[in-house]
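In the working numbering, the protein residues as written are 82 to 371.
Virtual Cβ for every residue (Gly too), placed ideally from N, Cα, C.
Have a look at the structure below before the remarks.
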Amino acid sequence: MNILVTGCNGQLGTEIGKIAASDETHQWWFTDVDTLDICDEKALKQYFNDHQIEVCINCAAYTAVDNAEDNPLLAEKINAGAPALLASICRDNKALLVHVSTDYVFNGQGDCPYREDDEAHPVSVYGKTKLDGENRIRECGCNHIIFRTAWLYSATGKNFVKTMLSLADTKDSINVISDQQGTPTWAYDLAEIIVHLINRNGLKPIHETFHFTNDGITTWYDFAKASIEIAGKNCRVNPITTEQYPTKAHRPAYSVLDKSKIKAYTNRSIPFWRDSLIKCIDELQRKAQL
Ligand SMILES: NC(=O)c1ccc[n+]([C@@H]2O[C@H](COP(=O)([O-])OP(=O)(O)OC[C@H]3O[C@@H](n4cnc5c(N)ncnc54)[C@H](OP(=O)(O)O)[C@@H]3O)[C@@H](O)[C@H]2O)c1
């Protein structure tokens with residue numbers, strides 16, 4: 082199949098690129114905003130036509146959660162308008178759209194893991210625009226798979242793990258929020274399940290939403306402590322409350338996604354968050370030695 086990956090230089094796009102590098106079954110096309118802006122309808126149509134795209138994995142997004150509060154129109158354009166465009170082009174080309182959304186579509190006031198059919202109530206501009214993007218894909222009716230994920234990190238780009246490790250290099254102690262619960266996701270694990278599902282489904286009709294993160298539950302505080310400990314760095318981590326660390330965007334307190342559906346659908350287990358964190362930090366340390 083001809084597979085287009087948008088936003089290919091981001092965390093998820095980069096990990097899909099690694100899997101594609103050793104895949105000989107598909108023709109992969111990688112683009113980012115400088116080569117294919119997902120808000121540009123004419124360019125998208127042209128690209129689908131020129132490359133006979135059969136699957137589009139949309140890794141492009143406006144992911145700056147706090148900045149989105151000040152830039153709601155731009156966030157809406159990239160996170161909702163562009164997925165709607167992609168959906169209609171996929172429908173016209175009978176292509177499959179694989180789209181990625183977020184745990185931030187939920188308000189986090191629950192106390193048991195959120196299922197795919199639980200009602201969404203975003204509490205930030207980012208979460209609202211991502212939910213709009215999901216809904217516009219569903220309304221369009223194209224073949225689609227939507228993955229909701231959370232706390233994404235990898236050895237590339239900007240993310241929580243890399244920030245904690247670089248702070249640990251310069252500070253004796255850091256303060257990290259301990260009253261928000263969720264589950265980290267190594268972008269490679271998400272990339273792997275996306276490619277698995279594409280291979281399994283091919284171009285058959287599908288209209289599904291899945292939750293996917295790593296397994297287990299933690300807090301930002303324990304996630305930071307684990308990152309620093311695994312990397313062998315020396316830095317004390319102090320727990321603080323959300324109130325003590327105000328941010329522009331409100332974040333859900335309980336942000337755990339229920340993954341029973343994807344586990345049953347694929348008959349696969351999901352790596353525990355700490356095991357994947359060890360692999361990512363190993364990759365980071367090997368990169369640093371180059
Ligand atoms: N990061 C998280 O913690 C997290 C959590 C839950 C869900 N998600 C979702 O997971 C998906 C992947 O996230 P990620 O962390 O891999 O994102 P990322 O690292 O921020 O990558 C997004 C990529 O999209 C590009 N992009 C932005 N606007 C574009 C446009 N108009 N056209 C084409 N490309 C554009 C960005 O380019 P520039 O860098 O040049 O802007 C960047 O390369 C997103 O849908 C995100 O909402 C992420």
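Nearest candidate by alpha-carbon position, reference threonine 373, set Asp303, Ala149, Leu365 and Asn240: Past the boundaries of the shown model lies residue 373; the chain is included only from 82 to 371, so the question cannot be answered.
Among Gln127, Leu125, Arg332 and Arg172, the one whose alpha carbon lies nearest that of alanine 231: Arg332
Straight-line Cα distance separating threonine 294 from glycine 189: 16 Å
Isoleucine 279 to lysine 99 span [Cα, whole Å]: 16 Å
Any 3 or more C-beta pairs closer than 8 Å across the stretch 249-266 and the stretch 294-308: yes
Aspartate 113 CB to nearest heavy atom of ligand 1 below 6 Å: yes
Contact test: leucine 233 Cβ vs ligand 1 heavy atom, cutoff 6 Å: yes
DSSP state of threonine 347 mapped onto helix, strand, coil: helix
Inter-residue Cα distance where the pair is phenylalanine 228 and isoleucine 274: 10 Å
Whole-Å CB distance - valine 179 paired with isoleucine 226, under 8 Å assumed: 5 Å
Start and end residues, alpha helix (DSSP H) containing isoleucine 84: From DSSP, isoleucine 84 is part of no alpha helix (DSSP H) but of the beta strand (DSSP E) over 83-87.
C-beta atoms of valine 181 and alanine 201 nearer than 7 Å: It is not a contact, given that the beta carbons lie outside the stated cut-off.
Other residues of its chain near proline 194: CB distance less than 7 Å, five sequence neighbours each side excluded: These residues qualify, in order along the chain: Val337, Leu338 and Asp339.
Within 7 Å, strictly: CB atoms of isoleucine 258 and threonine 323: yes
Best match in Cys140, Thr244, Asp151 and Asp198 for proximity to valine 276 [C-alpha to C-alpha]: Cys140
Bounding residues of the beta strand (DSSP E) (the contiguous stretch that carries histidine 391): The requested residue 391 does not occur in the structure, where the chain is confined to residues 82 to 371.
Cβ-heavy atom distance, isoleucine 119 to ligand 1, below 6 Å: yes
C-alpha distance - alanine 345 paired with arginine 281, whole-angstrom precision: 14 Å
Leucine 248: CB within 6 Å of a non-hydrogen atom of ligand 1: Leucine 248 Cβ: outside cutoff for every heavy atom of ligand 1.
Exposure label - leucine 125; buried when at least 16 CB within 10 Å: Under this definition leucine 125 is a buried residue.
Validate contact between the stretch 86-94 and the stretch 110-130 using beta carbons, cut 8 Å, 3 pairs: yes
DSSP beta-bridge partners of phenylalanine 129: Phenylalanine 129 is not bridged to any residue.
Same chain only: Cβ atoms within 7 Å of cysteine 161, ignoring 5 sequence neighbours per side: The displayed chain sequence assigns alanine, not cysteine, to residue 161. If we look at alanine 161 and ignore the five residues flanking it on each side, its Cβ neighbours are Thr210, Asp213, Gly214 and Arg217.
One or two residues paired with tryptophan 301 in a DSSP bridge: Note: tryptophan 301 sits in no beta bridge, so no partner.
The alpha helix (DSSP H) enclosing proline 164, as first and last residue numbers: 163-174 is the span of the alpha helix (DSSP H), which, as asked, contains proline 164.
Endpoints, alpha helix (DSSP H) assigned at glutamate 364: Segment 354-370, the alpha helix (DSSP H) holding glutamate 364.
Any non-hydrogen atom of ligand 1 closer than 6 Å to threonine 377 Cβ: Residue numbering for the chain in the displayed model covers 82 to 371; residue 377 lies beyond these limits and cannot be assessed.
Test item: CB-CB of isoleucine 255 and leucine 246 under 7 Å: no
heavy atom of ligand 1 below 6 Å from leucine 284 C-beta: no
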